[in-house]
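In order, the protein sequence lines correspond to chains D and W.
For any residue, its number in the numbering used here is found by taking its place in the first sequence, counting from 1, and adding 530.
For any residue, its number in the numbering used here is found by taking its place in the second sequence, counting from 1, and adding 1.
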Amino acid sequence: AQSVTQLDSHVSVSEGTPVLLRCNYSSSYSPSLFWYVQHPNKGLQLLLKYTSAATLVKGINGFEAEFKKSETSFHLTKPSAHMSDAAEYFCVVSDENFNKFYFGSGTKLNVKP
Amino acid sequence: GAVVSQHPSWVICKSGTSVKIECRSLDFQATTMFWYRQFPKQSLMLMATSNEGSKATYEQGVEKDKFLINHASLTLSTLTVTSAHPEDSSFYICSALRGALRGDTQYFGPGTRLTVL
């Protein structure tokens, strides 16, 4: 079975400081991993994905994530937070055969001026 | 590209009535679509996988007779909540899978908020 654990339900940073949203996964095979962002009253938007190519994945809006097999982690980072980054972020793992997505519990990012 | 729409975006209905929600992939064909449910301040829970031209596959604990799914074309899947009750009130989100390879991306609709009185 596959699952993801997002270690922090809330993260608060100041504008211009780095962002780190943590995600650990569990999978019996080489997983595909995704990060999605959900702004209030808007649909989920794909930030980036890992599918067994380069372990450092760059996404939109300056976000990136690094796949670390030894640590079973796929943490999301951004060097400098912007007010518009305030949203809920979901780490997702897909299953091997049917591309079903399993969502983490989400991390709400708050950016302070 | 890769736009998924849902209709309606918001619906209020009386207990005991049925509600149909449409999910459309606007600029690509999707053999597979998914339906999720999201409770307030919670994550998305997969309800079912909808495959064009075949029966939907439901996740454990989801009543298939209550949540009817039809995937009649490569761009349209519908979810019908039958005999809705207040506990069915939730945010329903669909997604469409673009591609057929492992790791292909799901594109999500904006969601439908259902309130059952």
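Beta carbons are placed, not taken as given, at the ideal position from N, Cα and C, and that holds for glycine.
Use the C-beta contact count for residue i: other C-beta atoms within 10 angstroms, 16 or more gives buried, fewer gives exposed.
| i | result |
| --- | --- |
| Ile70/W | buried |
| Thr18/W | exposed |
| Thr637/D | buried |
| Leu118/W | exposed |
| Asp89/W | buried |
| Ser1/W | For residue 1/W there is no data in the structure shown, the boundaries of chain W being 2 and 118. |
| Ser55/W | exposed |
| Lys644/D | Past the boundaries of the shown model lies residue 644/D; chain D is included only from 531 to 643, so the question cannot be answered. |
Can you give me the Cβ contacts of residue i inside the same chain, cut-off strictly under 6 Å, excluding the 5 residues immediately before and after it?
| i | result |
| --- | --- |
| Lys67/W | Thr83 |
| Phe633/D | Phe620 and Val622 |
| Arg25/W | Ser6, Thr76 and Leu77 |
| Pro609/D | Pro548 |
| Ser479/D | Nothing about residue 479/D can be read from this structure; chain D reaches only from 531 to 643. |
| Gln575/D | Val567 |
State the DSSP-derived secondary structure class of residue i, mapped to helix, strand or coil.
| i | result |
| --- | --- |
| Glu601/D | coil |
| Asn571/D | coil |
| Ser55/W | coil |
| Asn629/D | coil |
| Glu594/D | strand |
| Glu88/W | helix |
| Ser614/D | helix |
| Val622/D | strand |
| Lys65/W | coil |
| Phe29/W | coil |
| Glu23/W | strand |
| Lys15/W | coil |
| Phe99/W | According to the sequence provided, residue 99/W is Arg. The question's Phe does not apply to it. In the structure shown, Arg99/W sits in coil (DSSP, three-state: anything other than H, G, I, E or B). |
| Val549/D | strand |
| Phe40/W | coil |
| Thr106/W | coil |
Alpha carbon to alpha carbon, how far is residue j from residue i? Give it in angstroms, no decimals.
| i | j | result |
| --- | --- | --- |
| His612/D | Thr79/W | 37 Å |
| Leu563/D | Ser624/D | 7 Å |
| Phe597/D | Tyr555/D | 10 Å |
| Gln43/W | Ala3/W | 26 Å |
| Asn52/W | Thr81/W | 16 Å |
| Gln30/W | Ser560/D | 27 Å |
| Ile94/W | Gly546/D | 33 Å |
| Ala584/D | Thr116/W | 44 Å |
| Ser10/W | Ala617/D | 20 Å |
| Phe631/D | Leu45/W | 10 Å |
| Pro87/W | Gln39/W | 15 Å |
| Ser33/W | Ala73/W | The sequence given here places Thr at residue 33/W; Ser does not occur at that position. Computed Cα separation, rounded: 11 Å. |
| Ala57/W | Glu64/W | 12 Å |
| Phe593/D | His605/D | 10 Å |
| Asp645/D | Ala595/D | Residue numbering for chain D in the displayed model covers 531 to 643; residue 645/D lies beyond these limits and cannot be assessed. |
| Thr50/W | Lys572/D | 22 Å |
| Lys21/W | Gly112/W | 13 Å |
Counting only the same chain and skipping the five closest in sequence on each side, list residues whose C-beta sits under 7 Å from that of residue i.
| i | result |
| --- | --- |
| Leu119/W | Only positions 2 to 118 of chain W appear in this structure, which leaves residue 119/W out of reach. |
| Ser557/D | Gln532 and Val623 |
| Ile13/W | Thr116 and Leu118 |
| Thr602/D | Asn554, Tyr555 and Ser556 |
Between residue i and residue j, how many whole angstroms is the CB-CB distance? I'm expecting something under 8 Å.
| i | j | result |
| --- | --- | --- |
| Lys599/D | Val587/D | In fact, because the Cβ distance is near 14 Å, the residues do not count as touching under 8 Å. |
| Tyr566/D | Leu551/D | About 12 Å separates the two Cβ atoms, so there is no contact after all. |
| Asn640/D | His569/D | Wrong, their Cβ atoms sit about 13 Å apart, outside the cutoff. |
| Gly110/W | Ser91/W | So it is not a contact: roughly 14 Å between Cβ atoms. |
| Asp105/W | Asn629/D | 6 Å |
| Gln532/D | Ser635/D | Wrong, their Cβ atoms sit about 15 Å apart, outside the cutoff. |
| Tyr108/W | Arg99/W | 6 Å |
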